[in-house]
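Below is one structure, written out as structure tokens; comments come after it.
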Amino acid sequence: MSGLGEWDDDEETSWPAADGGSEASTDDAGTETPGPGPQLVYGNVSEFVDQFLRHAYRRKTSGRLAPWWSGEWWKHDEAVMRLEALWRAWEHLRLDPATGMSVWWRDHADHHMRVLMADDGPFHGSPDAIDYGKPLTHVEPPEGLFVDERVTPTS
67 MSGLGEWDDD
77 EETSWPAADG
87 GSEASTDDAG
97 TETPGPGPQL
107 VYGNVSEFVD
117 QFLRHAYRRK
127 TSGRLAPWWS
137 GEWWKHDEAV
147 MRLEALWRAW
157 EHLRLDPATG
167 MSVWWRDHAD
177 HHMRVLMADD
187 GPFHGSPDAI
197 DYGKPLTHVE
207 PPEGLFVDER
217 VTPTS
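Be aware that the sequence shown starts at 67, since it is given in this note's numbering, and climbs by one per residue.
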């Protein structure tokens with residue numbers, strides 16, 4: 067319970083740690099070889115929207131009485147591209163402990179979410195209502211539409 071009453075809900079939201087998860091190795095000559103890079107927190111854009119983004123927007127986000135949103139966002143090409151960009155930017159900027167999240171909100175989330183939720187955005191006319199203080203709706207996409215990018219295929 068946060069003490070904010072109207073913002074609390076039954077769903078627990080856990081925020082991932084900002085560590086990079088990257089490991090470097092040193093060879094016999096003392097030369098450091100970079101590891102494979104930071105591990106993704108979210109395996110794909112659907113996981114990012116479901117587990118993070120929809121919980122972050124619990125406020126009035128435009129000048130309208132109700133911004134537009136669609137729980138079936140994955141049916142809208144523009145939304146998929148913008149949300150994919152948001153996810154990838156978040157995965158990169160979370161590694162900057164100083165200003166990464168501020169930059170992500172200012173330059174990425176605020177911009178793209180404003181466009182997506184606008185009267186002339188891809189969700190205009192969606193029947194999904196936004197219940198302020200509750201997470202945005204999310205309908206699971208068809209199986210196989212988004213693959214887990216943390217899993218590397220074996221050859």
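Beta carbons: idealized from backbone N, C-alpha and C, even for Gly.
Secondary structure of residue 138, DSSP reduced to three states: Here residue 138 refers to the residue found at position 72 of the sequence shown. Looking at residue 138 - three-state DSSP - the assignment turns out to be coil, as it is neither helix nor strand.
Residue span of the alpha helix (DSSP H) that contains residue 103, given as start and end: Taking the first residue of the sequence shown as 1, we reach residue 103 at position 37. No alpha helix (DSSP H) contains residue 103, which DSSP labels as neither H nor E.
Presumed contact (8 Å Cβ cut-off) between residue 120 and residue 201, rounded CB distance: Position 54 of the sequence shown, counted from the start, is the residue given in the question as residue 120. Position 135 of the sequence shown, counted from the start, is the residue given in the question as residue 201. About 5 Å; that satisfies the 8 Å criterion.
Whether residue 169 touches residue 182 by CB criterion (8 Å): What you label residue 169 is simply residue 103 of the sequence shown in a count that begins at 1. What you label residue 182 is simply residue 116 of the sequence shown in a count that begins at 1. For residue 169 and residue 182, no; Cβs fall outside 8 Å.
Close Cβ partners of residue 178 (< 6 Å) along its chain, the five nearest in sequence each way excluded: In the sequence shown, the residue the question calls residue 178 occupies position 112. 148 and 152, listed in sequence order.
Collapsed DSSP secondary structure at residue 212 in the structure displayed: Indexing the sequence shown from 1 puts residue 212 at position 146. Coil.
Straight-line Cα distance separating residue 191 from residue 109: On the sequence shown, residue 109 is found 43 positions in, with the first residue counted as 1. On the sequence shown, residue 191 is found 125 positions in, with the first residue counted as 1. About 30 Å.
Same chain, Cβ closer than 7 Å to residue 212, neighbours up to 5 away in sequence not counted: What you label residue 212 is simply residue 146 of the sequence shown in a count that begins at 1. Closer than 7 Å at the Cβ level, and outside the excluded window around residue 212, lie 110, 111 and 112.
Of the listed residues 107, 114 and 104, nearest to residue 206 (C-alpha basis): Position 140 of the sequence shown, counting from 1, holds the residue named residue 206. Selected option, being the one with the closest Cα: 114.
Cα-Cα separation between residue 217 and residue 133, rounded to whole angstroms: By 1-based counting over the sequence shown, the position of residue 217 is 151. By 1-based counting over the sequence shown, the position of residue 133 is 67. Residue 217 and residue 133: Cα-Cα distance of roughly 35 Å.
With 16 other Cβ atoms within 10 Å as the buried cut-off, status of residue 199: One-based indexing of the sequence shown puts residue 199 at position 133. By the 10 Å Cβ count, residue 199 comes out exposed.
Residue 203 versus residue 102: straight-line alpha-carbon distance, rounded: As a working note, residue 203 is residue 137 in the sequence shown. As a working note, residue 102 is residue 36 in the sequence shown. If you take the alpha carbons of residue 203 and residue 102, they lie about 35 Å apart.
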